[in-house]
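**Q**
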Amino acid sequence: GESVGLHLPTLSVQEGDNSIINCAYSNSASDYFIWYKQESGKGPQFIIDIRSNMDKRQGQRVTVLLNKTVKHLSLQIAATQPGDSAVYFCAEGRSNMLTFGGGTRLMVKP
Amino acid sequence: NAGVTQTPKFQVLKTGQSMTLQCAQDMNHEYMSWYRQDPGMGLRLIHYSVGAGITDQGEVPNGYNVSRSTTEDFPLRLLSAAPSQTSVYFCASSYRSKGAGELFFGEGSRLTVL
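Residue numbers (the working numbering), protein chains in the order written: chain X, 1353 to 1462; chain G, 8 to 121.
#1: Give the residues from the segment 1385-1396 of chain X that approach chain B closer than 7 Å (Cβ to any Cβ), ordered along the chain.
#2: Taking a contact to mean a Cβ-Cβ separation below 8 Å, would you say Asn1370 (chain X) touches Gln1412 (chain X) in this structure?
#3: Taking DSSP's pairing of strands, which residues face Glu1444 (chain X) in a bridge?
#4: With C-beta atoms as the reference, is Trp41 (chain G) less than 8 Å away from Val19 (chain G)?
#5: Taking buried to mean at least 16 other C-beta atoms within 10 Å of its own C-beta, is Met48 (chain G) buried or exposed?
#6: The beta strand (DSSP E) that contains Tyr55 (chain G), what's its start and end?
#7: Any C-beta of chain G sitting closer than 8 Å to the C-beta of Gly1445 (chain X)?
#8: Measuring alpha carbon to alpha carbon, tell me which of G:Phe81, G:Leu121 and G:Phe111 ends up nearest Gln31 (chain G).
#9: Put Asp1407 (chain X) into one of helix, strand or coil per three-state DSSP.
#10: For Ser94 (chain G), which residues from the same chain have a beta carbon less than 7 Å from its beta carbon, with the 5 sequence-adjacent residues on both sides left out?
#11: If you count every other CB in all the chains shown that lies within 10 Å of the CB of Gln1390 (chain X), and 16 or more means buried, which is it?
#12: Is Ile53 (chain G) close to the ligand SAH? I mean its beta-carbon at under 7 Å from any heavy atom of the ligand.
#13: Does any C-beta atom of chain X lie closer than 8 Å to the C-beta of Gly49 (chain G)?
#14: For the segment 10-42 of chain G, enumerate the residues whose C-beta is nearer than 9 Å to any C-beta of chain X, in chain order.
#15: Going by DSSP, name the residue or residues bridged to Gln64 (chain G).
#16: Do we get a CB-CB distance below 8 Å when we pair Val73 (chain G) with the residues of chain X?
#17: Of the choices X:Trp1387, X:Asn1379 and X:Ser1380, whose alpha-carbon is the least far from that of Ala1438 (chain X)?
#18: Determine, using beta carbons only, whether Glu114 (chain G) comes closer than 8 Å to chain X.
#19: Is the beta carbon of Thr1456 (chain X) less than 8 Å from the beta carbon of Thr1362 (chain X)?
#20: Residues of chain X with CB closer than 8 Å to the CB of Leu83 (chain G), please, in chain order.
#21: Over the uninterrupted beta strand (DSSP E) stretch that includes Arg117 (chain G), give me the two end residues.
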């Protein structure tokens, strides 16, 4: 079946640097895409979303880019902080169903 | 502000036993859902509901039942637990106008089936 996946299972960055987490998706019919952050022992937390008719959306320190031509989604975190250390999931949505990818662990080195 | 509350946080069952995971939200969200998360993996949708009296299957519904008699509550029932159902279960809710998009998750219920 169609699925959402991530290129890198673990990403290690220096504090203050920018982070880029990538995600590939295969379902061209998805209406929207979302990034979630999950800290150890907690439930996922919404970060930012983007609809399929957009190619870029910015939030506070985060930017999501959508490239529908190559079915690629990325999350950019500016000035990465220790508090950003977590597992990040991309998810694709169609109507009322959300399909999650496998997750990327972001480790921030002091 | 409680948000999404799940109980119990931890549970150990023997194969064949039944139990119900409780989920309640106080945000008046119409959409509620259950996911399971296995070690090192993403979340997989079990069942969801777009409003009281309406439920539908997700990716992995076998072995689980749900009901939605009120807007606030969305319990998940395991009728005959199997070791393959050992997982962390998350309940999540959102405003219906956003579909399943901006989900608010509970803290999770860790289930072990022996």
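Think of the CB as a built atom: it goes at the ideal place given N, C-alpha and C, for glycine as much as any other residue. Predicted model, so just to flag it, every value in this text is computed and none were measured.
**A** With the structure as the only source:
#1: You won't find chain B in this structure, because its protein chains are X and G.
#2: no
#3: X:Phe1385 and X:Thr1451
#4: no
#5: exposed
#6: Tyr55 (chain G) -> beta strand (DSSP E) spans Leu50 to Gly58.
#7: yes
#8: At residue 31 (chain G) the sequence reads Ala, which differs from the Gln that was named. The candidate whose alpha carbon is nearest that of Ala31 (chain G) is G:Phe81.
#9: coil
#10: Arg43, Gln44, Asp45 and Leu118
#11: buried
#12: This structure lacks the ligand SAH; in fact it carries no ligand of any kind.
#13: yes
#14: Val11, Gln13, Tyr38, Ser40 and Tyr42
#15: G:His54
#16: no
#17: X:Trp1387
#18: yes
#19: yes
#20: Per Cβ cutoff of 8 Å: no residues; Leu83 (chain G) is ~15 Å from chain X at best.
#21: Ser116 to Val120
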